[in-house]
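Down below is the structure, laid out as structure tokens.
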Amino acid sequence: MSSKSVLSKKPVKKAPPPELTEDQKQEIREAFDLFDTDGSGTIDAKELKVAMRALGFEPSKEEVRKLISQVDTDKSGTVNFNEFLSMMTTKMGERDSREEIIKAFRLFDDDETGKISFRNLRRVAMELGETISDEELQEMIDEADRDGDGEVSQEEF
Numbered sequence: 001m002s003s004k005s006v007l008s009k010k011p012v013k014k015a016p017p018p019e020l021t022e023d024q025k026q027e028i029r030e031a032f033d034l035f036d037t038d039g040s041g042t043i044d045a046k047e048l049k050v051a052m053r054a055l056g057f058e059p060s061k062e063e064v065r066k067l068i069s070q071v072d073t074d075k076s077g078t079v080n081f082n083e084f085l086s087m088m089t090t091k092m093g094e095r096d097s098r099e100e101i102i103k104a105f106r107l108f109d110d111d112e113t114g115k116i117s118f119r120n121l122r123r124v125a126m127e128l129g130e131t132i133s134d135e136e137l138q139e140m141i142d143e144a145d146r147d148g149d150g151e152v153s154q155e156e157f
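The numbering of the sequence shown is the UniProt record's numbering, which starts it at 1 and goes up by one.
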């Protein structure tokens, strides 16, 4: 195994939209129906924001406007169920990815300081059987350390 295989700086590929479980699809359908108050089969920007909040997201007005413009294929200014399902499938995939990143961060941050130190990074490299020099490990810290405190915060990670 090369010294950079696990901890290298390769660009992250965007994952395809995840497959939702039937329960997740049902949850999305229920949120959509609940906020389609007039039974028109569509929801507008205001209703969309409330529906997304019900699913655990906190979108800003600008995010809602952008989301509608991305999925509103018929340019009606509203979102039908299929457009909503497509959008929420993507959003749920993003949330899952963030949760995975947080889990990975916690594996490094074994002393629960909220930061990854040089010591944390060396421990993980050793556990993985990676032979990485102290200089390379320090370069990794320096690369990610945006605030210059010598450690990597969860946000920097």
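Even glycine gets a Cβ: it sits at the ideal position worked out from N, Cα and C. Everything numeric in this text was worked out from a predicted model, so none of it was measured.
Quiz item: Quick one, which of D111, E156, T89, L137 has its alpha-carbon nearest I101's?
Solution: To locate residue 101, count along the sequence shown from 1; it is residue 101. Per the Cα distances, E156.
Practice problem: Starting from the C-beta of K4, find all residues in its chain whose C-beta is less than 6 angstroms away, skip the five residues before and the five after it, and write them out in chain order. | Solution: In the sequence shown, residue 4 corresponds to position 4, counting from 1. For K4, the pLDDT reaches just 42, beneath the cut-off of 50, and the residue's location in the model is therefore unreliable, leaving the point undetermined.
Self-check item: Paired residues, beta bridge with I116 - DSSP
Solution: As a first step, residue 116 is located in the sequence shown; it is residue number 116 there, counting from the start. When DSSP reads this structure, I116 sits in a beta bridge with V152.
Practice problem: Report all residues from its chain with a CB closer than 7 angstroms to the CB of V50; omit the five preceding and five following residues, and keep chain order. | Solution: As a position in the sequence shown, residue 50 is number 50, starting the count at 1. Spatial neighbours of V50 in its own chain (CB-CB distance under 7 angstroms, excluding positions within 5 residues in sequence) are listed in chain order as F35.
Quiz prompt | Sequence ranges, beta strand (DSSP E) only - wholly within the UniProt domain "EF-hand" (59–94), length at least 3 | solution = Counting only unbroken stretches of 3 or more residues, no beta strand (DSSP E) element lies wholly within the UniProt domain "EF-hand" (59–94).
Quiz prompt | Among S40, E19, G114, I28, nearest to residue 159 - alpha-carbon criterion | solution = Given a span of 1 to 157 for the chain in the structure shown, any question on residue 159 remains unanswerable.
Practice problem: Note down the Cα distance separating R122 from Q154, rounded to an integer number of angstroms. | Solution: Against the sequence shown, residue 122 aligns to sequence position 122. Against the sequence shown, residue 154 aligns to sequence position 154. So the alpha carbons of these two residues sit roughly 17 angstroms apart.
Quiz item: In terms of residue numbering, what span does the alpha helix (DSSP H) encompassing M22 cover?
Solution: By 1-based counting over the sequence shown, the position of residue 22 is 22. Just to set this straight, residue 22 is Glu in the shown sequence, not Met. From DSSP, the alpha helix (DSSP H) with E22 extends over 22–35.
Exercise. Give the secondary structure of I43 by DSSP, where H, G and I count as helix, E and B as strand, and everything else as coil.
Key: As a first step, residue 43 must be located in the sequence shown, where it is residue number 43. Correct three-state label for I43: strand.
Quiz prompt | Buried or exposed (CB count within 10 angstroms, at least 16 for buried), A125 | solution = Mapped onto the sequence shown, residue 125 falls at position 125. The residue in question, A125, is buried, as its Cβ has 16 or more Cβ neighbours within 10 Å.
Quiz item: Does DSSP classify L137 as helix, strand or coil?
Solution: Translated into the one-based positions of the sequence shown, residue 137 becomes position 137. L137 sits in a helix when the DSSP states are folded into three classes.
Quiz item: How do the segment 109–121 and the segment 140–152 stand: do at least 3 beta-carbon pairs fall below 8 angstroms, yes or no?
Solution: The segment 109–121, when compared against the segment 140–152, does touch it at the 8 angstroms Cβ threshold.
Practice problem: From the DSSP output, in three-state form, read off V132 for me. | Solution: For the purposes of this step, residue 132 is taken as the residue at position 132 of the sequence shown. The amino acid at residue 132 is misidentified as Val; the sequence shows Ile. In this structure, I132 counts as coil in the three-state DSSP scheme.
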